[in-house]
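K.L.:
Provided herewith is a single structure, encoded as structure tokens, for subsequent inquiry.
There are 2 protein chains.
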Amino acid sequence: MSPSGYRESRELFVRRWGEMGATWGISRTMAEIHALLFTATEPLCTDDIMAALNISRGNASMNVRELLNWGLIHRVHTREDRRIYFQAECDVWEMFRTISRERQRREVEPIIETIERCRLMVDAQPRTHDADERRRAQIYTKRLEEMRDFLHMTNSASALLARAGKGNLRRALKLLSKAIR
Amino acid sequence: MSPSGYRESRELFVRRWGEMGATWGISRTMAEIHALLFTATEPLCTDDIMAALNISRGNASMNVRELLNWGLIHRVHTREDRRIYFQAECDVWEMFRTISRERQRREVEPIIETIERCRLMVDAQPRTHDADERRRAQIYTKRLEEMRDFLHMTNSASALLARAGKGNLRRALKLLSKAIR
DNA sequence: CTCTTGTTTCAGTATCTTCTGAAACCGTCG
DNA sequence: CGACGGTTTCAGAAGATACTGAAACAAGAG
Numbered sequence: 001m002s003p004s005g006y007r008e009s010r011e012l013f014v015r016r017w018g019e020m021g022a023t024w025g026i027s028r029t030m031a032e033i034h035a036l037l038f039t040a041t042e043p044l045c046t047d048d049i050m051a052a053l054n055i056s057r058g059n060a061s062m063n064v065r066e067l068l069n070w071g072l073i074h075r076v077h078t079r080e081d082r083r084i085y086f087q088a089e090c091d092v093w094e095m096f097r098t099i100s101r102e103r104q105r106r107e108v109e110p111i112i113e114t115i116e117r118c119r120l121m122v123d124a125q126p127r128t129h130d131a132d133e134r135r136r137a138q139i140y141t142k143r144l145e146e147m148r149d150f151l152h153m154t155n156s157a158s159a160l161l162a163r164a165g166k167g168n169l170r171r172a173l174k175l176l177s178k179a180i181r
Numbered sequence: 001m002s003p004s005g006y007r008e009s010r011e012l013f014v015r016r017w018g019e020m021g022a023t024w025g026i027s028r029t030m031a032e033i034h035a036l037l038f039t040a041t042e043p044l045c046t047d048d049i050m051a052a053l054n055i056s057r058g059n060a061s062m063n064v065r066e067l068l069n070w071g072l073i074h075r076v077h078t079r080e081d082r083r084i085y086f087q088a089e090c091d092v093w094e095m096f097r098t099i100s101r102e103r104q105r106r107e108v109e110p111i112i113e114t115i116e117r118c119r120l121m122v123d124a125q126p127r128t129h130d131a132d133e134r135r136r137a138q139i140y141t142k143r144l145e146e147m148r149d150f151l152h153m154t155n156s157a158s159a160l161l162a163r164a165g166k167g168n169l170r171r172a173l174k175l176l177s178k179a180i181r
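The listed protein sequences correspond, in order, to chains A and B. Mapping the first sequence onto the working numbering, position 152 (from 1) lands on 152, and the numbers just tick up by one. Mapping the second sequence onto the working numbering, position 76 (from 1) lands on 76, and the numbers just tick up by one.
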């Protein structure tokens, strides 16, 4: 079998996508599976994935499940065969929406809650009589509030984007560029 | 010293911000230092940071430098004292712009280059005679192109945002919400 | 029910990242 | 120049994370 550019290229892409995922707090294997399915012409089953990436069954299974949880890949059933096949969402805009929605839900929302809790804590304990510390506490609270408001805003923005269709997104970006210039 | 709500709250915030950073591919300590400076009323020096977070000099120094590289904190000199003090950018909008700009530069741009390289590779090697593989290669190339275009778009969007001021951003988001609804 | 095929879990292991502490370095002051 | 205060580097240690392989589990077919 000649070393077709296609196959080599795809391998490179999968590897690099995996590395990128790693710097993004996503396990390398998970990102590789995603890249593999994103570039696949037809659905793959667990064994295909294991073979392509040279990983164990347990590893493949765990990461596939995680990708399903994120909503980045889907199960596909075939008539011929009892196996479950997997297929990635290949529309990049859809993918982007999924990722931003999930990140928001998993990472931003919890931190907003923490901030709120921190803010309340400042006043919960009996106040110090030290005027300087009181001043500091005030500034601190203000910073927390600003951060909280900002994160709330990104939350709404993300929700907005999630509701919008692909066409809308393009349009919105055009608008944005006009508004800003 | 009574356990003022302020101090406890701040500790909690720093810890949680660190954890969040960790899931974002930022080292926990780096995120903690950032949180510490973000919530500080006045600039801190390396020893302050070491004491507050209970970390070694080397660790503090490395992570401070990295934060400086990102542009998330700045050096401050004082008259009295030869030490260098550090201070975070505390405007959340400014912070957001810095982060998005840097992430784009460090992570998205390189992956765009890789994609381009992958795309060229497909045709560089002599084509296979297998019609089916040729079909697959074509689909693959198309997906790469879509991804590349998408990432290019986020690049422009990010550049746009980076140029925009705080007021503009607010305005743009309002616009966005109207455009999408 | 039992066999077959396929999926999930998990304890232990390997790998990779981050952190420490000490030593090297740098610049300024006397 | 040498001493001092401060900063950076780095090899090895500690700690966190991801991966394996095998065993448990499920579900459909005979």
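Using N, Cα and C, we set each Cβ at its ideal position, and we do this for glycine too. Source: prediction; values computed, not measured.
Residues of chain B with CB under 8 Å from A/Q87, in chain order?
P.N.:
The premise fails here: A/Q87 is roughly 13 Å from chain B at the closest Cβ pair, so nothing lies under 8 Å.
K.L.:
For A/N63, does the count of other Cβ atoms within 10 angstroms reach 16, so buried, or fall short, so exposed?
P.N.:
So A/N63 counts as buried.
K.L.:
Which residue spans inside the stretch 84-148 of chain A form an unbroken alpha helix (DSSP H) run of at least 4?
P.N.:
Qualifying alpha helix (DSSP H) stretches, in chain order: 92-103, 109-124.
K.L.:
Classify A/T78 as buried or exposed, calling it buried when 16 or more other Cβ atoms lie within 10 Å of its own Cβ.
P.N.:
By the neighbour-count rule (16 or more Cβ atoms within 10 Å), A/T78 is not buried but exposed.
K.L.:
What distance in whole Å lies between the Cβ atoms of B/V92 and A/E146, which are believed to be in contact at a cut-off of 8 Å?
P.N.:
Yes, A/E146 and B/V92 are in contact; Cβ-Cβ is about 5 Å, under 8 Å.
K.L.:
Identify whether B/L68 lies in helix, strand or coil by the three-state DSSP scheme.
P.N.:
Looking at B/L68 - three-state DSSP - the assignment turns out to be helix.
K.L.:
With DSSP as the reference, label B/I73 as helix, strand or coil.
P.N.:
Note: B/I73 maps to strand in three-state DSSP.
K.L.:
Which residues in the same chain as A/A52 place their Cβ atom closer than 7 Å to its Cβ, once the five residues preceding and following it in sequence are excluded?
P.N.:
Within the same chain, A/A52 has close Cβ partners L36.
K.L.:
In the DSSP assignment, the alpha helix (DSSP H) including B/W24 goes from what residue to what residue?
P.N.:
Looking at the DSSP string, B/W24 is not in any alpha helix (DSSP H), and its letter there is neither H nor E.
K.L.:
Nearest to A/C90 by alpha carbon, out of A/R83, A/T39, A/C45, A/D130?
P.N.:
Considering only alpha carbons, the answer is A/T39.
K.L.:
With 8 Å set as the bound, which would you pick, yes or no: does the beta-carbon of B/V76 sit closer than that to a beta-carbon of chain A?
P.N.:
Chain A, which has no Cβ nearer than 8 Å to the Cβ of B/V76, makes this no.
K.L.:
Please say whether A/L12 and A/I33 have beta carbons closer to each other than 8 Å?
P.N.:
For A/I33 and A/L12, no; Cβs fall outside 8 Å.
K.L.:
Closest by CA to A/Y6, which one among B/Q125, B/E109, B/R82?
P.N.:
Residue B/Q125 is the option with its Cα nearest to A/Y6.
K.L.:
Express the C-alpha separation of A/I115 and B/W17 in angstroms, rounding to a whole number.
P.N.:
One C-alpha to the other measures close to 9 Å.
K.L.:
Within 8 Å (strictly less), CB to CB, does B/A172 reach chain A?
P.N.:
Chain A contact via Cβ: present.
K.L.:
What residues from chain B crowd round A/T114, counting only those whose CB sits closer than 8 Å?
P.N.:
What A/T114 touches in chain B: L12, F13, R16.
K.L.:
Can you confirm whether B/I111, when its beta carbon is compared against all beta carbons of chain A, has any partner nearer than 8 Å?
P.N.:
So, interface residue.
K.L.:
Going by CA-CA distance only, name the one from B/R83, B/I55, B/L151 that's closest to B/C45.
P.N.:
Per the Cα distances, B/R83.
K.L.:
Closest Cβ-Cβ distance between B/Q125 and chain A: below 8 Å?
P.N.:
It does; some Cβ of chain A falls within 8 Å.
K.L.:
Specify, as a first and last residue, the run of the alpha helix (DSSP H) that B/I49 falls within.
P.N.:
It spans 46-53 - the alpha helix (DSSP H) in which B/I49 sits, taken as one unbroken run.
K.L.:
Could you check the C-alpha separation between A/A164 and A/L173 for me, to the nearest Å?
P.N.:
Cα to Cα, the separation comes out at about 12 Å.
K.L.:
Listed from N- to C-terminal order along the chain, which residues in the stretch 22-44 of chain B have their beta-carbon within a distance smaller than 7 Å of any beta-carbon of chain A?
P.N.:
Result list: T23, W24, G25, F38, T39, T41.
K.L.:
Going by CA-CA distance only, name the one from B/P110, B/S158, B/A131, B/K142 that's closest to B/R101.
P.N.:
When each option's Cα is compared against that of B/R101, the closest is B/S158.
K.L.:
From B/L120, B/W70, B/Y85, B/D81, pick the residue whose C-alpha is nearest to that of B/Q104; which is it?
P.N.:
The option with the nearest alpha carbon to B/Q104 is B/W70.
K.L.:
Determine the closest residue to B/E133 out of A/E42, A/E19, A/A31, A/E107, with distance taken between C-alpha atoms.
P.N.:
Among A/E42, A/E19, A/A31, A/E107, the Cα nearest to that of B/E133 is on A/E42.
K.L.:
Quick check: what's the CA-CA separation for A/R143 versus B/A162?
P.N.:
Distance between the alpha carbons of A/R143 and B/A162 is about 22 Å.
K.L.:
Which bits of chain B does A/A183 rub up against, with CB to CB less than 8 Å?
P.N.:
Only positions 1 to 181 of chain A appear in the structure, and residue 183 of chain A is not among them; the question remains open.
K.L.:
What does a CB cutoff of less than 7 Å around A/Q87 pick up in its chain, not counting 5 residues either side in sequence?
P.N.:
Only L37, P43, I73, H74, V76 meet the Cβ criterion.
K.L.:
Measuring straight from C-alpha to C-alpha, what distance separates A/S9 and A/D47?
P.N.:
Rounded to whole angstroms, A/S9 to A/D47 spans 22 Å at the Cα level.
K.L.:
Measure from the alpha carbon of B/R170 to the alpha carbon of each residue in B/F150, B/D130, B/R97, then state which is nearest.
P.N.:
Out of B/F150, B/D130, B/R97, B/R97 has the C-alpha closest to the C-alpha of B/R170.
K.L.:
For a quick check, are the C-beta atoms of A/I112 and A/L151 less than 8 Å apart?
P.N.:
Yes, they are a contact pair.
K.L.:
Is there at least one Cβ from chain A nearer than 8 Å to B/G5's Cβ?
P.N.:
With 8 Å as the cut-off, B/G5 counts as an interface residue toward chain A.
K.L.:
What did DSSP end up calling B/T154 once you bin it into helix, strand or coil?
P.N.:
Here B/T154 sits in helix by DSSP.
K.L.:
Since B/I139 meets chain A, which of its residues come closer than 7 Å, beta carbon to beta carbon?
P.N.:
Those within 7 Å of B/I139 in chain A are T41.
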